[in-house]
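Engineer: Take this structure, written in structure tokens, and hold onto it; I'll ask about it next.
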Amino acid sequence: MSDAIRDVVVITGASGGIGADLARIFAREGHAVALVARNGERLRQLVREIAAPGAPEPLVIELDLEPSGSADALAAALRAANVRCSILVNNAGYGLAGKVASLPRAGQTGIVDLNVRSLTDVTLALLPDIVAARGKILNVASVAAFFAGPGMAIYYATKAYVLSFSEALSHELRGHGVTVSALCPGPTTTGFQSRAGLDAPLFTLMKPMDCRPVAEAGYAGLMAGKRVIVPGLFNKLSALISHIVPRSLSMHAVAWLQDVRRHD
Ligand SMILES: NC(=O)c1ccc[n+]([C@@H]2O[C@H](COP(=O)([O-])OP(=O)(O)OC[C@H]3O[C@@H](n4cnc5c(N)ncnc54)[C@H](OP(=O)(O)O)[C@@H]3O)[C@@H](O)[C@H]2O)c1
């Protein structure tokens with residue numbers, strides 16, 4: 074590999090919310106970053122904000138990660154820019170609130186395509202470079218990963234996949250010098266709620282976190298090589314409760330919570 078090839082942190086879903094704050098933090102800590110999302114204008118705005126004088130400009134990759142083939146397109150864009158992914162942050166994701174039987178089919182399979190298939194394929198496509206760099210992977214799961222989620226069933230199931238995949242991969246990559254971390258935030262104030270069709274009132278009840286401390290916890294946990302990172306006391310308690318309370322009971326609680334949050 075030529076010396077001219079630079080290592081970068083690849084962050085998917087960097088145009089807003091948790092991903093944008095992770096990009097700010099990685100840039101602050103002196104990492105070169107490659108920012109991926111569909112909204113190129115928002116990515117370029119972020120580049121103007123975080124570009125450090127004298128350092129190479131953050132790379133913008135305007136890409137829809139939902140269609141199959143997007144992982145190859147991402148790998149090709151990195152090659153074309155002469156950079157290698159040493160740290161991968163799989164953050165892009167979305168959910169839809171509502172019952173499986175009443176939500177549009179395409180929207181629901183789209184959640185699986187982005188949160189599961191694309192996250193997996195991007196990881197597989199970039200893994201050789203990450204292993205060569207003895208790098209790191211941060212997969213953004215959710216506290217939802219610990220529960221079955223009536224009222225947001227597919228989203229919860231995709232996040233259970235992300236957590237399970239991350240933990241198993243972290244085990245497999247022991248001895249390769251690569252760490253894999255799953256970040257499991259609870260409700261966080263971002264663009265996620267409006268895309269999901271969720272209302273804000275519940276927030277007073279569940280104390281949503283700002284995305285900056287969530288991203289800071291993700292960065293610190295990743296750098297410390299933590300396998301599972303749950304930011305915030307309420308979310309830590311929720312994760313703990315999921316191991317204690319019978320699933321039949323927690324499902325009633327989740328179904329109720331999703332019901333009061335949803336706006337149809
Ligand atoms: N907010 C919460 O309450 C919460 C709680 C737990 C976990 N999470 C997880 O945190 C992660 C980040 O979400 P967020 O809360 O920061 O929400 P957000 O503000 O909606 O950000 C989502 C990011 O994903 C990108 N994205 C969405 N669809 C994409 C696609 N097809 N291709 C490429 N990029 C796409 C969006 O960019 P473009 O629209 O420009 O493509 C945006 O940058 C998600 O995985 C979410 O499930 C969120």
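The numbering used here runs 73 ahead of the 1-based position in the sequence shown.
For every residue, glycine included, the Cβ atom is placed at its ideal position computed from N, Cα and C.
#1: For the pair the region 74-90 and the region 107-114, tell me if three or more CB-CB distances fall below 8 Å.
#2: Answer yes or no: the CB of D137 versus the heavy atoms of ligand 1, is any distance below 7 Å?
#3: Compute the Euclidean distance between the alpha carbons of P281 and S323, then round it to the nearest angstrom.
#4: Does S237 come out as helix, strand or coil in the three-state DSSP assignment?
#5: Among L236, N188, S237 and A198, whose alpha-carbon lies nearest the alpha-carbon of Y228?
#6: Over the uninterrupted alpha helix (DSSP H) stretch that includes S315, give me the two end residues.
#7: How is the alpha helix (DSSP H) around S254 delimited, first residue to last?
#8: For a test of the three-state rule: what should DSSP assign to S215, helix, strand or coil?
#9: Using the Cα positions of A312 and A214, report the straight-line distance between them to the nearest angstrom.
#10: How is A110 classed by DSSP in three states: helix, strand or coil?
#11: Between F238 and chain B, is any beta-carbon pair separated by less than 8 Å?
Structural biologist: Well, looking at it:
#1: Contact between the region 74-90 and the region 107-114 is present, with at least three C-beta pairs closer than 8 Å.
#2: Your numbering for residue 137 matches position 64 in the sequence shown. Under cutoff, so the answer is yes.
#3: Walking along the sequence shown from the start, residue 281 turns up at place 208. Walking along the sequence shown from the start, residue 323 turns up at place 250. Taking C-alpha positions only, P281 is separated from S323 by approximately 20 Å.
#4: As a first step, residue 237 is located in the sequence shown; it is residue number 164 there, counting from the start. In the structure shown, S237 sits in a helix (DSSP, three-state: H, G or I).
#5: By one-based count along the sequence shown, residue 228 stands at place 155. Scanning L236, N188, S237 and A198 for the CA closest to the CA of Y228 turns up N188.
#6: Along the sequence shown, one-based indexing puts residue 315 at 242. DSSP places S315 inside the alpha helix (DSSP H), whose first and last residues are L306 to I317.
#7: Position 181 of the sequence shown, counting from 1, holds the residue named residue 254. Taken as a continuous stretch (DSSP letters only), S254 belongs to no alpha helix (DSSP H), being part of the beta strand (DSSP E) at T252 to L256.
#8: Sequence index remark: in the sequence shown, residue 215 carries index 142 (1-based). In the structure shown, S215 sits in coil (DSSP, three-state: anything other than H, G, I, E or B).
#9: Against the sequence shown, residue 312 aligns to sequence position 239. Against the sequence shown, residue 214 aligns to sequence position 141. Roughly 12 Å separates the two Cα atoms.
#10: Translated into the one-based positions of the sequence shown, residue 110 becomes position 37. The answer is strand: DSSP assigns A110 an E or B state.
#11: Here there is only one protein chain, and chain B is not present.
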